[in-house]
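Single-structure report; data block below.
There are 2 protein chains.
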Amino acid sequence: MLAAARRAFARHAYADTTIAAIADDAGVSPALVMKYYGSKERLFTQVFTFDADATALFDAPLDGLARHMVLHLLATQRGQTRDPILRIAFSRHHLELGGQARANFRTQVIDALAARLPGPGAPLRAEMAIGVLLGLGALYATVQADRLTQLDPDEVADLYVPLLQPLLCGEAPTAR
Amino acid sequence: MLAAARRAFARHAYADTTIAAIADDAGVSPALVMKYYGSKERLFTQVFTFDADATALFDAPLDGLARHMVLHLLATQRGQTRDPILRIAFSRHHLELGGQARANFRTQVIDALAARLPGPGAPLRAEMAIGVLLGLGALYATVQADRLTQLDPDEVADLYVPLLQPLLCGEAPTAR
Numbered sequence: 001m002l003a004a005a006r007r008a009f010a011r012h013a014y015a016d017t018t019i020a021a022i023a024d025d026a027g028v029s030p031a032l033v034m035k036y037y038g039s040k041e042r043l044f045t046q047v048f049t050f051d052a053d054a055t056a057l058f059d060a061p062l063d064g065l066a067r068h069m070v071l072h073l074l075a076t077q078r079g080q081t082r083d084p085i086l087r088i089a090f091s092r093h094h095l096e097l098g099g100q101a102r103a104n105f106r107t108q109v110i111d112a113l114a115a116r117l118p119g120p121g122a123p124l125r126a127e128m129a130i131g132v133l134l135g136l137g138a139l140y141a142t143v144q145a146d147r148l149t150q151l152d153p154d155e156v157a158d159l160y161v162p163l164l165q166p167l168l169c170g171e172a173p174t175a176r
Numbered sequence: 001m002l003a004a005a006r007r008a009f010a011r012h013a014y015a016d017t018t019i020a021a022i023a024d025d026a027g028v029s030p031a032l033v034m035k036y037y038g039s040k041e042r043l044f045t046q047v048f049t050f051d052a053d054a055t056a057l058f059d060a061p062l063d064g065l066a067r068h069m070v071l072h073l074l075a076t077q078r079g080q081t082r083d084p085i086l087r088i089a090f091s092r093h094h095l096e097l098g099g100q101a102r103a104n105f106r107t108q109v110i111d112a113l114a115a116r117l118p119g120p121g122a123p124l125r126a127e128m129a130i131g132v133l134l135g136l137g138a139l140y141a142t143v144q145a146d147r148l149t150q151l152d153p154d155e156v157a158d159l160y161v162p163l164l165q166p167l168l169c170g171e172a173p174t175a176r
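Going down the list, the sequences are from chains A and B. For the first sequence, this note's numbering assigns the number 1 to the initial residue and increments by one for each residue that follows. For the second sequence, this note's numbering assigns the number 1 to the initial residue and increments by one for each residue that follows.
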């Protein structure tokens with residue numbers, strides 16, 4: 001049911017989405033969806049909660065964190081197209097509730113990463129690192145970039161670690 | 001009318017979008033929209049054409065291109081929220097026509113940038129550079145990241161030029 005809800009909210013605005021359509025896609029009755037989630041709004045909140053995905057995305061020691069994040073992102077892309085963070089891109093067409101989705105993202109993803117990072121300017125560097133990952137996810141899942149999608153995950157990691165790891169370790173330039 | 005169409009296709013799936021709603025948002029009659037664009041599909045194609053935006057985004061000499069791209073992206077974000085490239089993120093909820101939008105993006109944005117870049121692996125580096133910009137656009141317009149959005153555009157450029165310019169000049173690592 002949650003997978004069907006993710007698909008629905010990725011493809012249709014909140015106002016255009018119905019419990020009936022989600023239930024139909026999941027192969028269950030609307031009554032069952034309501035029994036588990038209670039309302040469309042609560043189902044939306046479940047879809048735009050990032051805690052579990054962030055825990056998996058950041059589950060590595062600091063010196064291997066950039067590589068882990070890239071490989072984890074690609075593994076989820078190539079698997080069930082369940083990118084851990086990219087669905088925030090769809091919050092823009094949920095006018096009514098997008099603000100809550102974005103607040104969850106800032107707290108559960110960006111602040112959680114910033115808390116892991118040493119050095120000055122950790123919150124800003126966490127934002128930039130997550131931005132690089134969002135861009136990589138967009139190249140894969142959305143743009144379907146010709147060259148990048150043909151590389152092995154390890155090759156993509158080799159390309160992205162030099163961009164990401166300095167942001168994580170505090171070697172990148174900080175704002176004036 | 002085109003601005004209204006951009007808003008509509010950013011918020012609703014192609015199948016959920018109507019000429020009547022776009023005309024209403026633009027303050028014109030549906031007949032006028034049809035007179036200018038002929039069909040919903042042709043209007044969609046206009047929204048997901050990137051030629052003019054790419055020309056403006058890449059309109060700088062190579063040694064200042066990274067800074068120009070960042071400043072241009074931020075200027076359009078802060079202005080009329082008309083990011084030159086981020087609307088590709090919404091192609092995912094236009095199942096029927098998203099493929100055409102993505103093909104336009106790869107040709108008109110990525111290939112156009114690659115043609116400007118010296119050194120080996122230019123197409124791959126162009127993809128990565130556009131990915132970094134998509135991530136920056138997402139941090140601004142979608143996530144609304146707390147720290148980055150408070151900086152002056154020049155400060156954001158100072159942070160992103162070290163990530164972007166090596167990709168443009170061919171100094172970044174290339175795939176094995």
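Ideal Cβ positions, reconstructed from N, Cα and C, are used throughout, including at glycine.
#1: By DSSP, does B/Ile85 sit in helix, in strand, or in coil?
#2: So which of A/Asp154, A/Gly121 and A/Ile130 has the shortest CA-CA distance to A/Asp83?
#3: Please name the residue in A/Leu32, A/Lys40, A/Leu65 and A/Ile88 whose C-alpha comes closest to that of A/Tyr14.
#4: Could you spell out the range, first to last residue, of the alpha helix (DSSP H) harbouring B/Leu2?
#5: Does the beta-carbon distance from B/Ala89 to A/Ala52 come in below 8 Å?
#6: Exposed or buried, which one is B/Leu65 when buried takes at least 16 other CB atoms within 10 Å?
#7: Apply the 10 Å Cβ neighbour rule to A/Asp16 and answer buried if 16 or more other Cβ atoms are within range, or exposed otherwise.
#8: Quick one: residues in its chain with C-beta nearer than 8 Å to the C-beta of B/Val161, no 5 flanking neighbours on either side, listed in chain order?
#9: Pick out whichever of A/Ala122, A/Leu86, A/Asp111 and A/Gln144 has its Cα sitting closest to the Cα of B/Thr99.
#10: Would you verify that the beta carbon of A/Leu148 is, or is not, closer than 8 Å to some beta carbon of chain B?
#11: Report, in whole angstroms, the separation of the C-beta atoms of B/Gly170 and B/Pro118, which I expect to be a contact under 8 Å.
#12: For a cutoff of 8 Å on Cβ pairs, would you count A/Ala138 as touching chain B?
#13: Whole angstroms is fine: what's the gap from B/Phe9's alpha carbon to B/Gly38's?
#14: Beta carbon of B/Ala5, beta carbon of B/Leu43: below 8 Å?
#15: Is the CB of A/Ala89 under 8 Å away from at least one CB in chain B?
This is what the structure holds:
#1: The count along the second sequence starts at 1 and reaches residue 85 of chain B at position 85. Coil at B/Ile85, not helix or strand.
#2: Here residue 83 of chain A refers to the residue found at position 83 when the first sequence is read from its first residue. Of the listed residues, the one whose Cα sits closest to A/Asp83 is A/Ile130.
#3: Your numbering for residue 14 of chain A matches position 14 in the first sequence. When only C-alpha atoms are compared, the closest one is A/Lys40.
#4: The count along the second sequence starts at 1 and reaches residue 2 of chain B at position 2. From DSSP, the alpha helix (DSSP H) with B/Leu2 extends over Leu2 to Arg11.
#5: Along the second sequence, read from residue 1 onward, the residue named residue 89 of chain B stands at position 89. Along the first sequence, read from residue 1 onward, the residue named residue 52 of chain A stands at position 52. Taking 8 Å as the Cβ cut-off, B/Ala89 and A/Ala52 do not qualify as a contacting pair.
#6: Position 65 of the second sequence, counting from 1, holds the residue named residue 65 of chain B. Buried, because 16 or more other Cβ atoms sit within 10 Å of the Cβ of B/Leu65.
#7: The sequence position of residue 16 of chain A within the first sequence is 16, counting from 1. Flag for A/Asp16 reads buried.
#8: Start at 1 with the first residue of the second sequence, and residue 161 of chain B comes out as number 161. Cβ within range, chain order: Ala66, Arg67 and Val70.
#9: Start at 1 with the first residue of the second sequence, and residue 99 of chain B comes out as number 99. Note on identity: in this sequence residue 99 of chain B is Gly, with Thr being the wrong assignment. When each option's Cα is compared against that of B/Gly99, the closest is A/Gln144.
#10: Residue numbering aside, residue 148 of chain A sits at position 148 when the first sequence is read from its first letter. Yes, because at least one Cβ of chain B sits closer than 8 Å to the Cβ of A/Leu148.
#11: Residue numbering aside, residue 170 of chain B sits at position 170 when the second sequence is read from its first letter. Residue numbering aside, residue 118 of chain B sits at position 118 when the second sequence is read from its first letter. The pair is a contact, with the Cβ atoms about 6 Å apart (cut-off 8 Å).
#12: As a first step, residue 138 of chain A must be located in the first sequence, where it is residue number 138. It does; some Cβ of chain B falls within 8 Å.
#13: Taking the first residue of the second sequence as 1, we reach residue 9 of chain B at position 9. Taking the first residue of the second sequence as 1, we reach residue 38 of chain B at position 38. Looking at the two C-alpha atoms, the distance is approximately 17 Å.
#14: In the second sequence, residue 5 of chain B corresponds to position 5, counting from 1. In the second sequence, residue 43 of chain B corresponds to position 43, counting from 1. The answer is yes: Cβ separation under 8 Å.
#15: Here residue 89 of chain A is taken as the residue at index 89 of the first sequence, counted from 1. Yes, because at least one Cβ of chain B sits closer than 8 Å to the Cβ of A/Ala89.
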